[in-house]
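Contents: one structure, followed by commentary.
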Amino acid sequence: MNFKDKVVYQIYPKSYCDTNGDGIGDLPGIISKLDYLQALGVDYLWLNPIYPSPQRDNGYDIADYRAIDPVYGTMADFERLCREAKARGIDIMLDMVFNHTSTAHEWFQKALAGDAKYRAYYLFRPGKPDGSAPTNWQSKFGGSAWQYAAEVGQYYLYLFDVTQADLDWTNPAVRAEVADIVRFWQGKGVHGFRFDVINLISKREFADDPNHADGRQFYTDGPHVHEYLRELNRASFGRDAESFTVGEMSSTRLDECVQYAGAASGELSSVFTFHHLKVDYKDQQKWALQPFDFAALKRLISDWQTGMAAGNAWNALFWNNHDQPRALSRFGDDRRYRVESATMLASALHMLRGTPYVYQGEEIGMTNAYFDDIDDYRDIESTNLYAIETAAGRDAAAIHELLRARSRDNARTPMQWTAGAQAGFTSGTPWLRVNPNHTEINAEAATRDPRSIYAHYRALIQLRKTQRVVQDGDYSPLLADHPQIFAYRRENDAATLLVLANFYGEGAKAPLADTAGYQLLLGNYADSPAVLAEEVLLRPYEALIYLRKK
């Protein structure tokens, strides 16, 4: 299948559209918006986990891989979603969480009850002679990565929450079970799969981290991970000519990603990487604020563009997801130049080599929530931070500044459909407060305005489908040292595409050479110049896309 002209739309089901008034989005709500999504032009809908779950980690703690959580609807609802979406040329992409299960999963409960088959599904290990944990590894959510299970008399490994027990992929029965789960959903009509933290499934030896760090070198990109993925490919999604897969890569390197998503690797179609979304982390710490490092952002994008292309591998392209604050509020100006900076960010991303992802609400310019009351937050990471920092005596205003900039709830506020009550998301009380700016920023208004952010996204998506150079052109950076402008060229045998994007609220000059013959494809100002000049003055957050045919 040619996936190079495809665009994925990410849906956080809990916050998309609620049809039964319980304040939580559901599958019938997604079905009711399929015409909207078809008009946008997307090809896949990636749904965050919709399986039964205790919700300790927003559904990434799965208790049953082959069922639908009743809060979202029924299996019949899901099957109808697949049919209705397919009728509109859209496929479903499901989130597969195979590094770990919830401790509420039947497998883990049987393991605790003494079933040897299921005990071998997990990474139980004896403690050290003094009774302490097997290693000094740290959980990604803080604290030891080991939990003692008195029923077993051993510790189990959990790299995330204590209720997320890691699976033992060295066990062939685990690998067979995982492949069967993928085939189960393929049988329901699913052609897309997103694999959560999939590069952590192969652990190295269980030894103390000599640097007293978190131990990630013992489980990231482990010795058998590529072998396991090739096996999973052959046993499940690789049998489907229409399949499209993406793996989430935690702290991985470019050379590893070339293996995961190389055209001849027999593993995955593409990968997610996150290096570019840490350029505003002071000292690489999420809760330490600094202005984003524009030079680093450009360098990272260019390095991954050229490196993945050199390995004939494919990357996911994204600014936003359910775990990131809104990019518009982060890298743009969501007050003075909301439309301009939203469309600039989209233009800069969508013309790159890879598969673009649009996160719900991004296409209408949704912003951070800017909550100023801790009671408005639901994300446990955010409420924990508030409690810890308050106990340490930190000023409440300073804590709120951090949360307004970094909280994951910024991405999870309900989708803004209308200017009416609860933004048209629910007839009840939403699980998370609706952003008050829905009276101005909403899909109903955006779809009626030919100059809206939504209209710009539609145009960008159509360019990917109609201009082959966007799909397969080589990437080369331009103006690499310019302090305000991100510029690049895409080129194939038939055309050259030129993209200029001003990432700041002040004008900037772009000195160019070899500008003859370029014609404007798309700009984010109404009066963008139709012909490319040798020196272009880019207005605040202006983006220009030009094409020259050979």
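Going by the working numbering, the sequence shown opens with residue 26, and the numbers climb by one from there. Heads up, the beta-carbon is just placed ideally off N, CA and C, and yes, glycines get one too.
Do residue 166 and residue 149 have their CB atoms nearer than 8 Å? Locating residue 166 in the sequence shown gives position 141, where the first residue counts as 1. Locating residue 149 in the sequence shown gives position 124, where the first residue counts as 1. In this structure, residue 149 does not lie closer than 8 Å to residue 166 by Cβ.
| task | Using beta-carbon positions only, say whether residue 460 and residue 443 come within less than 8 Å of one another. | result | The residue labelled residue 460 in the question sits at position 435 within the sequence shown. The residue labelled residue 443 in the question sits at position 418 within the sequence shown. The answer is no: Cβ separation not under 8 Å.
Quick check: residue 226 and residue 73, are their CB atoms within less than 8 Å of each other? Position 201 of the sequence shown, counted from the first residue, corresponds to residue 226. Position 48 of the sequence shown, counted from the first residue, corresponds to residue 73. No, they are not a contact pair.
* So the alpha helix (DSSP H) residue 405 belongs to, where does it begin and stop? -> Residue 405 sits at position 380 when you count from the first residue of the sequence shown. Residues 405-416.
inquiry  = Going by DSSP in three states, residue 103 sits in which element: helix, strand or coil?
reply    = The sequence position of residue 103 within the sequence shown is 78, counting from 1. Reduced to three states, the DSSP call for residue 103 is helix.
* With DSSP run on the structure shown, which of helix, strand or coil describes residue 184? -> Walking along the sequence shown from the start, residue 184 turns up at place 159. Coil.
* Range of the contiguous beta strand (DSSP E) that encloses residue 561 -> One-based indexing of the sequence shown puts residue 561 at position 536. Run containing residue 561: 560-563, per the beta strand (DSSP E) assignment.
request  = Under 8 Å Cβ to Cβ from residue 67, same chain only, skipping five residues before and after it: list those, please.
outcome  = Locating residue 67 in the sequence shown gives position 42, counting from the first residue. Once the five neighbours on either side are set aside, the close Cβ partners of residue 67 are 32, 33, 34, 115, 383 and 486.
- request: Measure how close the beta-carbons of residue 301 and residue 325 come, nearest whole angstrom, since I'm counting them as under 8 Å.
  value: By one-based count along the sequence shown, residue 301 stands at place 276. By one-based count along the sequence shown, residue 325 stands at place 300. Yes, they are in contact, since the Cβ atoms of residue 301 and residue 325 sit about 5 Å apart, within 8 Å.
Practice prompt. Would you mind stating whether residue 341 and residue 290 have Cβ atoms separated by less than 8 Å?
Written response: As a working mapping, residue 341 is identified with position 316 in the sequence shown. As a working mapping, residue 290 is identified with position 265 in the sequence shown. Contact flag unset, no.
Item to complete: For residue 462, I'd like the list of residues in its chain whose CB is within less than 7 Å of its CB, leaving aside the five on either flank, ordered along the chain.
Response: As a first step, residue 462 is located in the sequence shown; it is residue number 437 there, counting from the start. Closer than 7 Å at Cβ, skipping near neighbours: 392.
To the nearest angstrom, how far is the alpha carbon of residue 147 from that of residue 533?
Residue mapping note: residue 147 aligns to position 122 of the sequence shown, counting from 1. Residue mapping note: residue 533 aligns to position 508 of the sequence shown, counting from 1. Between residue 147 and residue 533, the C-alpha separation is close to 56 Å.
### Message
For residue 47, tell me which candidate among 95, 281 and 269 has the shortest Cα-Cα distance.
### Response
Here the question's residue 47 lines up with position 22 in the sequence shown. Taking only the C-alpha atoms, the option nearest residue 47 is 95.
| query | What does residue 142 pair with, by DSSP beta-bridge criteria? | reply | Within the sequence shown, residue 142 is the residue found at index 117, counting from 1. Partner(s): none; residue 142 has no beta bridge.
Is the Cβ-Cβ distance between residue 175 and residue 181 less than 8 Å?
Counting from one through the sequence shown, the residue named residue 175 turns up at place 150. Counting from one through the sequence shown, the residue named residue 181 turns up at place 156. Result no, Cβ atoms of residue 175 and residue 181 do not sit closer than 8 Å.
| request: Inspect the CB distances between the stretch 129-148 and the stretch 206-225 and report whether three or more fall short of 8 Å. | output: no
Counting pairs of Cβ atoms below 8 Å between the stretch 501-516 and the stretch 79-90, do you hit three or more? no
Just the Cα atoms here: how many angstroms apart are residue 275 and residue 311?
Translated into the one-based positions of the sequence shown, residue 275 becomes position 250. Translated into the one-based positions of the sequence shown, residue 311 becomes position 286. The straight-line gap from Cα to Cα measures roughly 15 Å.
Original post:
Are the beta-carbon atoms of residue 488 and residue 546 separated by less than 8 Å?
Top reply: The residue labelled residue 488 in the question sits at position 463 within the sequence shown. The residue labelled residue 546 in the question sits at position 521 within the sequence shown. Result yes, Cβ atoms of residue 488 and residue 546 sit closer than 8 Å.
Exposure label - residue 370; buried when at least 16 CB within 10 Å | In the sequence shown, the residue the question calls residue 370 occupies position 345. Classification of residue 370: buried, given that the 10 Å Cβ count is 16 or more.
DSSP state of residue 456, grouped into three classes? Reading the sequence shown from its first residue, position 431 is the one you call residue 456. DSSP places residue 456 in coil when its eight states are reduced to three.
For this session: Figure out for me which residue from 161, 496 and 378 has the closest Cα to the Cα of residue 239.
Result: Numbered from its first residue, the sequence shown carries residue 239 at position 214. Closest option to residue 239, Cα to Cα, is 161.
Mark residue 464 as exposed unless 16 or more other C-beta atoms lie within 10 angstroms of its C-beta, in which case mark it buried. Along the sequence shown, read from residue 1 onward, the residue named residue 464 stands at position 439. With fewer than 16 Cβ atoms within 10 Å of its Cβ, residue 464 is classed as exposed.
Check: Taking the DSSP output, what are the residues bridged to residue 515?
Finding: By one-based count along the sequence shown, residue 515 stands at place 490. In the DSSP output, where bridge partners are listed per residue, residue 515 has 500 and 522.
Quiz prompt | Reduced DSSP secondary structure (H/G/I, E/B, other) of residue 71 | solution = To locate residue 71, count along the sequence shown from 1; it is residue 46. Of the three classes helix, strand and coil, the one that applies to residue 71 here is strand, per DSSP.
Pick out whichever of 400, 347, 496 and 265 has its Cα sitting closest to the Cα of residue 378. On the sequence shown, position 353 is the one that residue 378 refers to. For residue 378, the nearest C-alpha among the options comes from 496.
Discussion item. Is the beta carbon of residue 353 closer than 8 Å to that of residue 361?
Written reply: In the sequence shown, counting from the first residue as 1, residue 361 sits at position 336. In the sequence shown, counting from the first residue as 1, residue 353 sits at position 328. Taking 8 Å as the Cβ cut-off, residue 361 and residue 353 do not qualify as a contacting pair.
Report task. Rank 77, 56 and 273 by C-alpha distance to the C-alpha of residue 104 and give the top, closest one. Result -> Start at 1 with the first residue of the sequence shown, and residue 104 comes out as number 79. Nearest of 77, 56 and 273 to residue 104, Cα basis: 56.
* Identity of the residue in 237, 241, 268 and 233 nearest residue 208 by Cα -> The residue given as residue 208 occupies position 183 in the sequence shown. Selected option, being the one with the closest Cα: 268.
Which residues does DSSP list as the beta-bridge partners of residue 314? If you number the sequence shown from 1, residue 314 lands on position 289. Answer by DSSP bridge pairing, in chain order: 306.
Item to complete: Starting from residue 535, trace the beta strand (DSSP E) both ways and give me its first and last residue.
Response: In the sequence shown, counting from the first residue as 1, residue 535 sits at position 510. Unbroken beta strand (DSSP E) run through residue 535: 533-536.
On the criterion of 16 or more Cβ atoms from any shown chain inside 10 Å, does residue 574 qualify as buried, or is it exposed? Within the sequence shown, the letter at position 549 stands for residue 574. By the neighbour-count rule (16 or more Cβ atoms within 10 Å), residue 574 is not buried but exposed.
Worksheet entry | Of the listed residues 349, 42 and 284, nearest to residue 304 (C-alpha basis) | The residue labelled residue 304 in the question sits at position 279 within the sequence shown. It is 349.
* Take residue 359 and list the residues in its own chain whose beta-carbon comes closer than 6 Å to its own, dropping the five residues that flank it on each side. => As a working note, residue 359 is residue 334 in the sequence shown. These residues qualify, in order along the chain: 353 and 392.
Where are the beta strand (DSSP E) runs, 3 residues long or more, that stay fully inside the stretch 29-60, in chain order? 33-36
Worksheet item: Roughly how far, in whole angstroms, is the beta-carbon of residue 334 from the beta-carbon of residue 499, given that I think they are within contact range, below 8 Å?
Response: Here residue 334 is taken as the residue at index 309 of the sequence shown, counted from 1. Here residue 499 is taken as the residue at index 474 of the sequence shown, counted from 1. That pair is a contact at about 7 Å.
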